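To keep things clear, I will list the structure first and then write my remarks on it.
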Amino acid sequence: MVSQEQMSAASWEVLGKIDIIQKPMPVLKPGELLIRVAASGICGTDMHICNGETPHATRHATVGHEFSGFVEAIHDETTTSASIGDLVAVDPNNPCHQCGFCRSKKYHLCGGLKCIGVTCDGGMAKYVAAPSAAVYVIPEGVTPEVASLAEPLSCVVHAVDTGSIKTGDRVLVVGAGPIGLMVTALCSTGGAHVTVTDINEMRLQRATEFGASVISLDVDIGGDPTLGFGFDVVYECVGRPETMLNAINCAKAGGTVVWVGVAKPGVTVPVSPFDIYRRELTIKSTYTNPYGMERAVKILSDKKVDWSKLITHTFPLEQFDAAWEVFKSGAGLKVCIKPNSD
């Protein structure tokens, strides 16, 4: 349906680098839509991919799994509720729908999971093809930049659910990057008292805009966690062994620790089994975004939170190298690429 014209794309070609190269325009298959990408966020996972730390990532694939865009074309054999011109967000995770995990409503654990922007070409390009089941129409009033936050927010929806917070819980969020601030917003609007800690003072100050009651460069729980000192739920949103251990140390007896941050493969955390036993801690992790996209779109559209404040930098695709440097420096929050800004 689409001619093999060339387009610009940010592609993982060699270890340690993402390059802007020319690739053929996507050719639609039955069941797919062509998306003209409007906004695509840079994620920590992209850094892991670049450095060869995502085992299932595919070399020569276009990165970009957090994106929104406008429906440009629909294959004749595609059934979809979207129409040409609609602003949509895309769930990058596409399971096989046949394995035991898929059939037991754990499709995010599917061994055959294909991920747009990780295992196949993603949204850091002018155009991308997406299966109809992965496309979510965005309500009017939501900008493309905010719509591109649907995928990371859907991961946070899963993470917050995993922590099973209750109204009045004392929650600690370790890390005030985009994911940590999203966790902060959802927990605070759910009635929790949220403390946020980070070593980046700029990011820490932004946490109050997302509902943090307390911000701190360092957290001291003030006493023995077996005597009730500490937090009911701790969300670790950094992915480093020292912060993962700190998250455990800050949980009070009977508390829950949720590891949201993505650690490098091979990293270990020195945990005392007796300490976990004595405090009867629950330690959980979260992986991707099962059943979270539709909820994330609703959250973005109800505007209880000004999500646009997460996006601190925007760049055209041609300036991807500059955007990548800003992202790596930690000078902002969400860095957004606009591939069709010309």
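Letter 14 of the sequence shown, counting from 1, is numbered 13 in numbering that gives the first Met the number 0, and no numbers are missing. Beta carbons: idealized from backbone N, C-alpha and C, even for Gly. Quick caveat: nothing in here was measured; it's all calculated off a predicted structure.
Practice task
State buried or exposed for Lys125, treating a residue as buried only when at least 16 other CB atoms are found within 10 Å of its CB.
Solution key: It is buried - the Cβ of Lys125 has at least 16 other Cβ atoms within 10 Å.
Handout entry: Lys104, buried or exposed, once every other Cβ within 10 Å from all chains shown has been counted against 16
Key = With fewer than 16 Cβ atoms within 10 Å of its Cβ, Lys104 is classed as exposed.
Handout entry: Option in Leu332, Ile34 and Glu241 with minimal Cα separation from Ala206
Key = Out of Leu332, Ile34 and Glu241, Leu332 has the C-alpha closest to the C-alpha of Ala206.
Practice task
Note down, in chain order, each residue of its chain lying with its Cβ closer than 8 Å to the Cβ of Ser80, except the 5 sequence neighbours on either side.
Solution key: Val136, listed in sequence order.
Exercise for the section: Look at the alpha carbon of Gly68 and the alpha carbon of Thr285, and state the distance between them as a whole number of angstroms. Expected result: So the alpha carbons of these two residues sit roughly 27 Å apart.
Problem - Same chain only: Cβ atoms within 6 Å of Ser2, ignoring 5 sequence neighbours per side - result: Confidence at Ser2 is low in this model, with a pLDDT of 49, below 50, so the placement of that residue should be treated as unreliable; the coordinate-derived value is given next. Nothing listed; no residue qualifies.
Problem - Pair within 9 Å by beta-carbon distance, Ala149 and Ala88 - result: It is a contact, given that the beta carbons lie within the stated cut-off.
Problem - Spatially closest choice to Ala359 from Gly329, His96, Ile34 and Asn288, by CA coordinates - result: Any answer about residue 359 is impossible in this case: the structure gives the chain only from 0 up to 341.
Exercise for the section: Look up Ala372 in the DSSP assignment and say whether it is helix, strand or coil. Expected result: Given that the chain is displayed from residue 0 to residue 341, the structure contains no residue 372 and the question cannot be resolved.
Practice task
If I'm right that Val334 touches Tyr234 with Cβ under 8 Å, what's the distance once you round it to whole angstroms?
Solution key: The beta carbons of Val334 and Tyr234 sit about 22 Å from each other, so the pair does not count as a contact at 8 Å.
Problem - Where Lys16 falls, given that 16 or more other Cβ within 10 Å makes a residue buried - result: Exposed is the label assigned to Lys16, since fewer than 16 other Cβ atoms lie within 10 Å of its Cβ.
Exercise for the section: Helix, strand or coil for Glu324, going by three-state DSSP, please let me know. Expected result: Glu324 sits in a helix when the DSSP states are folded into three classes.
Problem - Under the three-state DSSP convention, the category Lys337 falls into - result: Look at Lys337 here: in three-state DSSP terms it is strand.
Exercise for the section: Reducing DSSP to helix, strand and coil, say where Gly43 ends up. Expected result: Helix, per DSSP.
Practice task
Indicate the three-state DSSP secondary structure (helix, strand or coil) for Pro94 in the structure shown.
Solution key: Pro94: coil per DSSP, three-state reduction.
Problem - Backbone CA spacing between Ala342 and Leu86 [nearest angstrom] - result: Residue 342 falls outside the range modelled here, since the chain spans only 0 to 341, and no answer is possible.
Practice task
Tell me whether Arg239 sits in a helix, a strand or coil according to DSSP, three-state version.
Solution key: Reduced to three states, the DSSP call for Arg239 is coil.
Problem - When Asn93, Asn92 and Leu108 are compared against Gly99, the one with the closest alpha-carbon - result: The shortest C-alpha separation from Gly99 is found at Leu108.
Exercise for the section: Pull up the distance between the alpha-carbon of Ala132 and that of Leu180, whole angstroms please. Expected result: When rounded, the distance between both Cα atoms is 29 Å.
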